[in-house]
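Numbering (full-length UniProt numbering), first residue to last: 1 to 552.
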């Protein structure tokens, strides 16, 4: 709590309601807290009213009653403003952000985050700051911004470390480890070095958590420990340990909240499939389906992804693929809207500061804001799966590269052969990994000034500047051979991957779309000619490099 804020004693009913929320008994919590709110509001006890409204908002949110959750969060904001309590106002904005994120409203969630962060400098109490950053961790996790979620979880844990309450430390540490494990899983292929650094940070906390959980003596804390142990073991390739942890977690599934139980069965099923136990994987899929918290007409990207994984385990690849595409589209829109909202806020702040530039400190601040805006713009132009440019990022640099190429610029469209089979036969998780590895292999074969982008789905665009026809052919054939010769069985037994390419010399002043259309025709020709080849029109006539006639 900030200095000077008077803390009203909490009524016993509200304290009991907090215990009910902690135990995931949200209905009884609402029944206890609602009368407390109305009584406190009627007598003008605004701190208690704000506390009660916050609790009601959290309970409604966990019961997926979005309208009610937002109503109570706004009631809490009004009460905290009347109480002149920045700590409660900050918590109210965090709750608003969390609910907007739950409903896939990225821009509104980010706006609420900005309001919460503006109040953080007014806060001094470590417990309050820990709660704020824990809430922001959940917001960014729901938005799919894992790196930001890890950063917030790290802050929350730092504030919780000074608490005498072992349950609070245990919860903050568990949250950090869970989101950290997600970040490790996502970064294993595109950033192995960064993943190893994060793992080195997480593992000592796992050892500490093992000593804290017995002190808390809560079944949910024990289950969350297993939820941490299993994915970290997977990241370290300790499959037997991961399997044991997932099986132990699934044995507790009947006692767990539905989202956690469903996730446990899904993760166990994916691991059993990886180990060759297809029957066990299907059984896990059926059990996950029974505990799916949103079985019908999901809208949120996380709910769509969960159902996609269940359908995949049940042997329904077409339904799984359709759901996965919808999930990716929703997540992309959500991330972009949040980032654009953040960029707009930074732009407003930059404009305001430029009017007040009077000393070196302000000039340094402006430089920091510009760097932040550049980073946000980079994120908006980047494919989140592979880390490459996306089409939006490639188009603006087209004219600049063409102008610097002295009339020699080559565009190639590359497409992974039979990619649908990879998804159908080896799972969409394997398909995502293939995309990341192909992106990395291409980057290793290209020159420093070349540009590469994920153009859409399993298709990539590569732009070379300055090479003659022979050099360009050599580059694209090196890429093709690198993909063909890579050991794909490390991802899935029996997996083999090749790609085809269509390559054109860009004409002077040629629009991007026209060059892409010409390259696309050659790509189709490469597919029709048997795949795993490069077809080009670099000498003014169609030509290609079939396998066995590679450039040295």
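Even glycine gets a Cβ: it sits at the ideal position worked out from N, Cα and C.
By the neighbour-count criterion, in which 16 or more other beta carbons inside 10 Å mark a residue as buried, residue 111 falls on the buried side.
If you draw a 10 Å sphere on the C-beta of residue 27, you find fewer than 16 other C-beta atoms in it, and that means exposed. DSSP, reduced to helix, strand and coil, places residue 274 within a helical segment of the structure shown.
Here residue 539 has 469 as same chain residues with Cβ atoms under 6 Å from its own Cβ, once five neighbours each way along the sequence are excluded. Under the DSSP assignment, residue 505 falls in the beta strand (DSSP E) whose first and last residues are 499 to 505. Within its own chain, the residues whose Cβ lies closer than 6 Å to the Cβ of residue 317, once the five positions on either side in sequence are excluded, are 424, listed in chain order. By the 16-neighbour rule on beta-carbons within 10 angstroms, residue 176 is buried.
Taking 7 Å as the cut-off, the Cβ atoms of residue 267 and residue 246 count as close. A residue is called buried once 16 or more other Cβ atoms fall within 10 Å of its Cβ, and residue 508, having fewer, is exposed. In summary, residue 104 is buried, with 16 or more beta-carbon neighbours lying within 10 Å of its beta-carbon over all protein chains present. Shown here, residue 459 sits in a strand according to DSSP, grouped into three states. If you draw a 10 Å sphere on the C-beta of residue 75, you find 16 or more other C-beta atoms in it, and that means buried. In this structure, residue 243 sits near residue 271, with a CB-CB distance shorter than 7 Å. Every alpha helix (DSSP H) of 4 residues or more that sits fully in the stretch 17 to 50 is shown, in chain order, as 26 to 43. Membership of residue 417 in any alpha helix (DSSP H) is not indicated, and neither H nor E is assigned to it by DSSP.
Considering only 108, 162, 95, the residue with the shortest C-alpha distance to residue 126 is 162.
Nearest C-alpha to residue 178 among 193, 106, 134: 134. Contact between residue 492 and residue 428 is ruled out by a C-beta separation of about 12 Å, above the 8 Å threshold. Contact between residue 320 and residue 308 holds: CB atoms are separated by about 5 Å, below the 8 Å threshold. The residues 391, 461, in chain order, have a CB closer than 6 Å to that of residue 455 in the same chain once the five nearest residues on each side in sequence are set aside. For the set 20, 21, 33, 25, the Cα lying nearest the Cα of residue 11 is the one of 33. Of the candidates 504, 499, 506, 519, the residue whose Cα lies closest to the Cα of residue 533 is 499.
The three-state secondary structure of residue 400, taken from DSSP, is helix.
Contact between residue 143 and residue 106 holds: their C-beta atoms lie close to 6 Å from each other, under 8 Å. By the beta-carbon neighbour count (other beta carbons within 10 angstroms, threshold 16), residue 328 is buried. Taking 8 Å as the upper bound for CB-CB distance, residue 249 and residue 264 are in contact here, some 4 Å apart. Across the structure, residue 530 and residue 337 are spaced so that their CA atoms are roughly 41 Å apart.
As the crow flies, the alpha-carbon of residue 417 is around 21 Å from that of residue 312.
Shown here, residue 166 sits in a helix according to DSSP, grouped into three states. The C-beta separation of residue 183 from residue 228 comes to about 13 Å, leaving the pair out of contact by the 8 Å criterion. Look at residue 451 here: in three-state DSSP terms it is strand.
Excluding sequence positions up to five before and after residue 61, its CB lies within less than 6 Å of the CB of 69, 99, all in the same chain and listed in chain order.
Annotated three-state conformation of residue 145 is coil, per DSSP.
Between the C-alpha atoms of residue 67 and residue 96 there is a straight-line separation of about 11 Å. Straight-line spacing of the CA atoms in residue 209 and residue 474 works out to 53 Å.
Only residues of its own chain outside the window of five on either side were considered, and among them 303 have a CB closer than 6 Å to the CB of residue 294, listed in chain order.
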